[in-house]
Amino acid sequence: MAGIEWLRRFKSTEEAHMAGIEWLRRFKSTEEAHIAGIVRLRRFKSTAEAHLV
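2 is the number of the first residue of the sequence shown in the numbering used here; add one for each residue after it.
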């Protein structure tokens with residue numbers, strides 16, 4: 002579900018893919034990026050709220 006919502010934020014899957022790559026590049030590993038994603042979600046009451054930001 003989160004993947005679908007992520008794709009909706011972009012005009013194309015290619016754009017979403019590029020944004021995903023840029024997000025991963027900010028971290029040393031995919032594990033770090035995953036942890037940062039979880040931390041980001043915890044800042045909001047719901048995943049829907051997080052997606053709006």
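Glycine included, each C-beta is placed from N, C-alpha and C at the ideal position.
query = Straight-line CA distance for R10 to A17?
reply = Locating residue 10 in the sequence shown gives position 9, counting from the first residue. Locating residue 17 in the sequence shown gives position 16, counting from the first residue. Roughly 8 Å separates the two Cα atoms.
task = Given a cut-off of 8 Å, decide if F28 and A34 are closer than it, judged by their beta-carbon atoms.
result = Walking along the sequence shown from the start, residue 34 turns up at place 33. Walking along the sequence shown from the start, residue 28 turns up at place 27. In contact: A34 and F28 (Cβ atoms closer than 8 Å).
task = For R41, name the three-state secondary structure that DSSP assigns.
result = By one-based count along the sequence shown, residue 41 stands at place 40. Three-state result, R41: helix.
ask   = Residues in its own chain within less than 8 Å of L25 by CB, not counting five upstream and five downstream?
value = The residue you call residue 25 lines up with position 24 of the sequence shown. These residues qualify, in order along the chain: T31 and A34.
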